[in-house]
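> Dropping the structure in here first, questions after.
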Amino acid sequence: MMKVRYLLAVMAVLAPGCWSRAQAVSCADLKQLSKPELVINSASPVEAGTFTPTLEPGTSTRKPISAKVPAFCRVTGVLHPVAASNIGFEVWLPLPNAWNHKFEGVGNGAYAGRISYGPLENAVNLGYAAASTDTGHSGSELNFIVGHPERIDDWGYRAVHVTAQAAKKIIGAYYGAAPQHAYFNGCSTGGSQALSEAQRFPEDYDGILAGDAGNDRVHLNVGFLWGWNAAHPAGQLILSDDNLSLLHQAALKACHAKHDVILDPSSCRFDPGVLLCKPGATTECLTPQQVEAARKIYEGPHNPRTGEQIIAGMTVGSEFIHNGGDYAGWKNFITEPAEPSRLDFWKLWVFENPQWDWHTFDYDRDVTTGDRKMAAVNASNPDLSAFRARGGKLLMYHGWSDPVGPPGDAIHYYSQVEKREGDATAVQSFFRLFMVPGMSHCNGGDGYQVAGGARGVDDPDGVPRWEPPDPEQDMLSALDRWVSEGAAPARIIAFHTTGKSIDRTIPVCPYPQRAVWNGKTSADEAGSYSCKTPPEQEDVRRN
């Protein structure tokens, strides 16, 4: 009899339009939701405290960090949307009395095949039911597609979509109700996943938060080739760390940086030629060859036949970053590698030939081949009409000093959406872009930061607690307010920290607006600025 009642409850949950009639089931009973395409390996309660996940075999190559969590129900499983797919996922479910009645899907980084435990921790501490996927493989090397062509689609778009579908079914069964709102939150590859969801599966999420998106993936990898070749003519590195630091200091001076932060690199015209060595000089200057290399990196790759920009170049101010963590300016992806980054993308994914010689790369023919064969990994379609029509809201943010994904590419995508819509005001009604001064890739850098979710706060007894900051200071909170209350974010407060203390704040305005100082009160306080559209942008919109 108990089994019959359980099955009736699950049938009600899974039946379209019948969520309100469903009865909640226990955490352990969620295993009975399994079917051939949705296999639940475990469903078990987790006690509040410090939690280190026990990994399912083959789901990760990196030991997950311990998490400070409230009590929750942890569901692990595998999805098989097509016969050869093997997509690992986890759903974390706060206890019913702690659930905020919302669902958050969280993104991944790079090409990594692992569950994103940090974002899951953030989400469950804020009361969200949350889900993450390993995108259908384990590890961070690109050879996971060899012999498994279906994994390109899994990684490119399918894993995130089917995980969202499965998570909603599990949420409905556990709580006896569908989430009131569903959000996706990702940065880097997670930002690309976010845009892919808006473009390909607009029904999955009501609100989408896309940070530093590598959404033009083919062209992003073209950019890595271009930058490396510029810095290594004839295969030899000509831009040292000292050269990058010299470039950076000259750029800060030319662009009138404040606190070593260029607030708006797009308004600055910096020519590295100002560092050209005078006759007899050998230090604190650049040779003609080094100047030319820097110019190419700023310019970015162009099609040699048409002159068309393939992807934006690196932004002034991104050359050398003291506090960039894993992304210390141009060093990590351009100057330091022994050969261009992501070569296996071309060897194994595009040309299916491990012996392919990258020296033969053609910036016309081979880019076209990559775009044609790898459409599944791009999320650059400007058609967001279906997402807009169903009331979806999209927040996109990008660090102005990002040395991985060119900031100009985020602006290019926004402009393409605006061009397609034909109405700048209409775009602002559902899509807003925020460019963060001095921020590196997703976080870090010498400038300002924005929060993309919960922030841990220490109680007097030293136990971390989690709380949502003011919507003006946090991207996820702002997105939630936009979706649930209709309050579009007019600005996001970015902050700079020294140690653990916030010592400066500034508003980040929806593009194309910029923060303009009032010239009177402290330039280190967000309240001293207003958001205004530059005159040249006003002229473009009027014409």
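Residue numbers (my numbering): -15 to 527. Think of the CB as a built atom: it goes at the ideal place given N, C-alpha and C, for glycine as much as any other residue.
1) Out of curiosity, what's the CA-to-CA distance linking LEU231 and TRP330?
2) To the nearest angstrom, how far is it from the Cα of TYR159 to the Cα of LYS15?
3) Quick one: residues in its chain with C-beta nearer than 6 Å to the C-beta of GLY174, no 5 flanking neighbours on either side, listed in chain order?
4) Using only the alpha-carbon positions, how far apart do VAL(-6) and VAL9 sit?
5) Distance, Cα to Cα, GLU509 vs ARG488?
6) In the DSSP assignment, the beta strand (DSSP E) including ALA410 goes from what residue to what residue?
7) Check whether the Cβ atoms of ARG465 and CYS493 sit closer than 9 Å, and answer yes or no.
8) Under 6 Å Cβ to Cβ from ASP529, same chain only, skipping five residues before and after it: list those, please.
9) Does the contact criterion of 3 or more C-beta pairs under 8 Å hold for the stretch 54 to 62 versus the stretch 22 to 36?
10) Rounding to the nearest angstrom, what Cα-Cα distance links PRO0 and GLN164 in this structure?
11) State buried or exposed for ILE486, treating a residue as buried only when at least 16 other CB atoms are found within 10 Å of its CB.
12) How big is the Cα-Cα spacing for HIS396 and HIS240?
13) Taking the DSSP output, what are the residues bridged to ALA114?
14) Entirely within the stretch 123 to 175 and at least 4 residues each: give me those alpha helix (DSSP H) ranges in chain order.
15) How far does the beta strand (DSSP E) with GLY33 in it reach, from first residue to last?
16) Give me the residue from ALA113, GLY89, GLN233 with the minimum Cα distance to PRO54.
17) Classify VAL66: buried if its beta carbon has 16 or more other beta carbons within 10 angstroms, exposed otherwise.
18) By DSSP, does ALA312 sit in helix, in strand, or in coil?
19) What does a CB cutoff of less than 6 Å around GLN177 pick up in its chain, not counting 5 residues either side in sequence?
20) Check this for me: beta carbons of ILE295 and PRO285, under 9 Å apart or not?
21) I'd like to know if the stretch 362 to 381 and the stretch 332 to 342 are in contact, where contact means that at least 3 CB-CB pairs between them fall below 8 Å.
22) Mind checking which residues open and close the alpha helix (DSSP H) that includes ARG201?
23) Between which residues of its own chain and SER506 is the CB-CB distance below 7 Å, once the five residues before and five after are set aside?
24) Going by other Cβ atoms of all chains shown within 10 Å of its Cβ, with 16 needed for buried, is ALA218 buried or exposed?
25) Taking the continuous alpha helix (DSSP H) assigned at LYS357, which residues delimit it?
26) Quick check on this structure: which residue in GLN183, GLY191, ASP188, HIS85 has the alpha carbon closest to the alpha carbon of ALA161?
27) Is the stretch 207 to 218 in contact with the stretch 184 to 192, if contact means three or more CB pairs nearer than 8 Å?
So, to answer that:
1) Approximately 31 Å, taken between the alpha carbons.
2) If I take the Cα positions, the gap works out to 15 Å.
3) The residues are GLY91, ASN92.
4) Unreliable positioning characterises VAL(-6) in this predicted model, as indicated by a pLDDT of 42, which lies under 50. A coordinate reading is not provided.
5) Rounded to the nearest whole angstrom, the CA to CA distance from GLU509 to ARG488 is 6 Å.
6) Careful: ALA410 lies outside any beta strand (DSSP E), inside the alpha helix (DSSP H) at 408 to 412.
7) Pairing ARG465 with CYS493 gives a Cβ-Cβ distance that is not under 9 Å.
8) The chain is shown only over -15 to 527; residue 529 falls outside these bounds and no answer can be derived.
9) Touching, yes, given that three or more Cβ pairs across the two stretches are closer than 8 Å.
10) The pLDDT assigned to PRO0 is 37, lower than 50, so where the model puts this residue is not dependable; a value taken from the coordinates is nonetheless given after this. GLN164 has its alpha-carbon roughly 15 Å from the corresponding atom of PRO0.
11) So ILE486 ends up on the exposed side.
12) If I take the Cα positions, the gap works out to 25 Å.
13) By DSSP's assignment, ALA114 forms a beta bridge with TRP76, GLU88.
14) DSSP runs (the alpha helix (DSSP H)) wholly in the stretch 123 to 175: 134 to 137, 143 to 159.
15) Following the DSSP letters along the chain, one finds GLY33 inside the beta strand (DSSP E) bounded by residues 33 to 35.
16) Cα-wise, what sits closest to PRO54 is ALA113.
17) Result: exposed.
18) It is coil, neither helix nor strand.
19) Excluding residues within five positions, the ones whose Cβ falls inside 6 Å are GLY91, VAL144, GLY170.
20) Contact: yes.
21) Using a C-beta cut-off of 8 Å, the stretch 362 to 381 makes no contact with the stretch 332 to 342, since fewer than three inter-stretch Cβ pairs fall below that distance.
22) If you look at ARG201, you'll find it in the alpha helix (DSSP H) that goes 201 to 215.
23) SER512.
24) So ALA218 counts as exposed.
25) Element bounds for LYS357: 349 to 357.
26) Scanning GLN183, GLY191, ASP188, HIS85 for the CA closest to the CA of ALA161 turns up HIS85.
27) No, because fewer than three Cβ pairs between the stretch 207 to 218 and the stretch 184 to 192 fall closer than 8 Å, the two stretches do not touch.
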